[in-house]
Amino acid sequence: MNGYQQLTASFDSFMTIVDIPDFDLLLTIAIGSRHIIHEDIAEVYKQHKDDYYELFKTSPYYNDHRLASLSVFNYRAIQQFIGLYLHERTLQKNDLTMKFIKKGYRFVFNFVNNKKLVNFYELRERFLEYVKRNNYEKTIHSAHLFGVALYLCKVLNKQILFDEFDVSLIQNSIKQIFTSREFQPEISSEAEDFFRQYQSIGLTKKDFQLPLNHLITSLNDVHRQQLASERDLDLAEDHESINELIKQHQFYKALSKMGIILQYCNIDPIDLQNITSINHAKMKEIIALCFESKQLLLEEDIYSLLGTYLIINGLAEDYNSTKHQLIITSQEEAQNELIHLKREFESKITMLEKVETANQETLSELTESNTQCAETIQELERQLKKKEFVIEEQNQQILSLQAKLNEQLSRNHRSIELLDEEKSEEELADYINKWKCVVIGGLKGWQDQLKGYLPTCRFISPDEVNIDWDFLLHVDLVLFNESINNHSIYQKVKTTLVHTDVPICYTGATTNMKLTLTKMFNHLRSLEREMTSNE
10 MNGYQQLTAS FDSFMTIVDI PDFDLLLTIA IGSRHIIHED IAEVYKQHKD DYYELFKTSP
70 YYNDHRLASL SVFNYRAIQQ FIGLYLHERT LQKNDLTMKF IKKGYRFVFN FVNNKKLVNF
130 YELRERFLEY VKRNNYEKTI HSAHLFGVAL YLCKVLNKQI LFDEFDVSLI QNSIKQIFTS
190 REFQPEISSE AEDFFRQYQS IGLTKKDFQL PLNHLITSLN DVHRQQLASE RDLDLAEDHE
250 SINELIKQHQ FYKALSKMGI ILQYCNIDPI DLQNITSINH AKMKEIIALC FESKQLLLEE
310 DIYSLLGTYL IINGLAEDYN STKHQLIITS QEEAQNELIH LKREFESKIT MLEKVETANQ
370 ETLSELTESN TQCAETIQEL ERQLKKKEFV IEEQNQQILS LQAKLNEQLS RNHRSIELLD
430 EEKSEEELAD YINKWKCVVI GGLKGWQDQL KGYLPTCRFI SPDEVNIDWD FLLHVDLVLF
490 NESINNHSIY QKVKTTLVHT DVPICYTGAT TNMKLTLTKM FNHLRSLERE MTSNE
């Protein structure tokens, strides 16, 4: 038919050739755009609309600019079907999708189902004849036709017959619905000159902004000045002549034509101009678009294009705003937000109830604990009174013992004084050195001084805590310096000697060598007398 080589391929192989950027989006737009199944889609959708809308809202297609650019007539059905399609895909089913295709695209289904090899060019030509023959008021894009046919080839496991022309045909069709025009103004020097002619009304300033109605008046005033200058007319005296000239200006004519069309469509052109705002950036884009269009439409006047595009821009902004408020920001959106708020509220109520329950349990526990504490305090107060009585008795005993101790110290002092008259330090030391004695504690200087008198004695410093204390079991006397010592050592000495007769001599607060030697001497003399008496 066209001289290209015919090839065959499976769905997967053919998809790698045509390279469709988002087949799921293509399919959902195709099915949602079929007007004869809009009611069927809505009927299924309303059964679980909250769940289906949530799937749509969390999908990549929510706020997708390609969907937002579609007509109001099709957008709602496409949005609804996306939710249905995504739900069905999670179940790994296609019953609902096939049901809609069989009704909305019956011709395509029958064509693919009855072919062993599916030719897309033949499909398109047959479909065009089918539409003409049935006088349909609404139709679909070729890309939608190809998207549904490709899906059926996949589901029905059909081979695809194609050549280079078919691939190009499909790619170009799909490109038309997937291509988004993001116009970036690149003003040429010619366009810059055109733009600059409106400098007097402030249009070239970046903070410029006016309602479209006022902008049109300002632009016409500039055109009046230009016409008056060209024809050497006075703006005040020749205003009627200038008004007749302005009516022939291409900008004015374009606005008049657009006004007639809008009024025919029951749209008030003045009201539209009043609600449309134009700023510096938007005006620059529109003028750039005019010059870009001028290259394609050589016969069009640039002023005519400017007037036409300003009105179309106002109409488009009003349309898109209305579509966003009534369709994109739909009832489902509001209801979805309410559902989320309700769930969040219920979650917080549940959390507060748990906190309240926990607080009540804590309060009960604290009340019980407080009661127990009160009882414990009462018991402790009773015990404290008993202890206070015992302490008072022990204090009396301590006072009695203190008196006896003072008396004994007085006697000892008198004995030391007598001994002091009788024996020198050397004589005392000679006697002590005949015994096995241990000196524990005291400052190093004090120990060193005492070593000069008692070279045969063993000396233990206050920091020698972790030694083997069993050697104390084999000594005759322990001299313990309680002023400079370690409490842990004291406990270990007492524990070691608890079951022995080894005496402990305490140095007291004195550092006097003779007093210390005298104490040791007296203990050893007592021990000697005791040993003699036992014999």
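Per the numbering used here, the sequence shown starts with residue 10, numbered consecutively. Yeah, the Cβ is synthetic: ideal placement off N, Cα and C, and Gly gets one too.
query, result
"Would you call the CB atoms of Phe109 and Asp33 closer than 8 Å?", "no"
"Express the C-alpha separation of Glu195 and Arg233 in angstroms, rounding to a whole number.", "28 Å"
"Between which two residues does the beta strand (DSSP E) holding Gln89 run?", "Unbroken run through Gln89 is the alpha helix (DSSP H), 81-99; no beta strand (DSSP E)."
"With the cut-off set at 8 Å, would you say Tyr261 and Ile270 are in Cβ contact?", "no"
"Mind pulling the beta strand (DSSP E) runs of 3 or more residues that sit fully within the segment 97-121?", "none"
"If you follow the alpha helix (DSSP H) that Tyr312 is in, where does it begin and where does it stop?", "311-332"
"Buried or exposed: which applies to Ile400, given that a residue is buried once 16 or more other Cβ atoms fall within 10 Å of its Cβ?", "exposed"
"Helix, strand or coil for Val448, going by three-state DSSP, please let me know.", "strand"
"Between the C-alpha atoms of Leu506 and Ser409, what's the straight-line distance to the nearest angstrom?", "27 Å"
"Kindly indicate the opening and closing residues of the alpha helix (DSSP H) around Ser286.", "Premise fails: Ser286 lies in the beta strand (DSSP E), 286-288, not in any alpha helix (DSSP H)."
"Are at least three pairs of beta-carbons, each pair with one atom in the segment 131-138 and one in the segment 198-206, less than 8 Å apart?", "no"
"Rounded C-beta distance between Gly41 and Phe118? I'm assuming under 8 Å.", "Not a contact, Cβ separation roughly 17 Å."
"Quick check: the Cα distance between Leu212 and Ile225, rounded to an integer number of angstroms?", "12 Å"
"Apply the 10 Å Cβ neighbour rule to Met540 and answer buried if 16 or more other Cβ atoms are within range, or exposed otherwise.", "exposed"
"Rank Ala237, Lys125, His44 by C-alpha distance to the C-alpha of Ser19 and give the top, closest one.", "Lys125"
"How is Tyr515 classed by DSSP in three states: helix, strand or coil?", "strand"
"Please state whether the Cβ-Cβ distance between Tyr462 and Leu533 is less than 8 Å.", "no"
"Quick one: is Tyr568 buried, meaning 16 or more other Cβ sit within 10 Å of its Cβ, or exposed?", "Outside the modelled stretch of the chain, which goes from 10 to 544, sits residue 568, for which no answer is possible."
"Give the secondary structure of Val157 by DSSP, where H, G and I count as helix, E and B as strand, and everything else as coil.", "helix"
"What are the complete beta strand (DSSP E) segments, minimum 3 residues, inside the segment 201-258?", "218-220"
"Just tell me which of Val511, Thr359, Phe204 has its CA closest to the CA of His483.", "Val511"
"If you count every other CB in all the chains shown that lies within 10 Å of the CB of Ile296, and 16 or more means buried, which is it?", "buried"
"Just the Cα atoms here: how many angstroms apart are Thr465 and His508?", "26 Å"
"For Phe187, report the span of its alpha helix (DSSP H) as first-last.", "173-187"
"From His153 to Tyr130, what does the alpha carbon distance come to, in whole angstroms?", "14 Å"
"Ile179 CB to nearest chain D CB: under 8 Å?", "The chain inventory of the structure shown lacks chain D, comprising one protein chain alone."
"Among Gln180, Trp444, Leu165, whose alpha-carbon lies nearest the alpha-carbon of Asp172?", "Gln180"
"Would you check if there are 3 or more beta carbon pairs closer than 8 Å linking the segment 205-222 to the segment 277-296?", "yes"
"Return the chain-ordered list of same chain residues with a C-beta closer than 8 Å to the C-beta of Leu242, the five sequence neighbours on each side being excluded.", "Leu236, Ser250, Ile251"
"Between which two residues does the alpha helix (DSSP H) carrying Arg538 extend?", "522-543"
"With which residues is Thr17 paired in a DSSP beta bridge?", "Leu170"
"Which residue or residues does DSSP assign as beta-bridge partners of Arg467?", "Val447"
"Contact between the segment 510-526 and the segment 467-477: three or more CB pairs below 8 Å?", "no"
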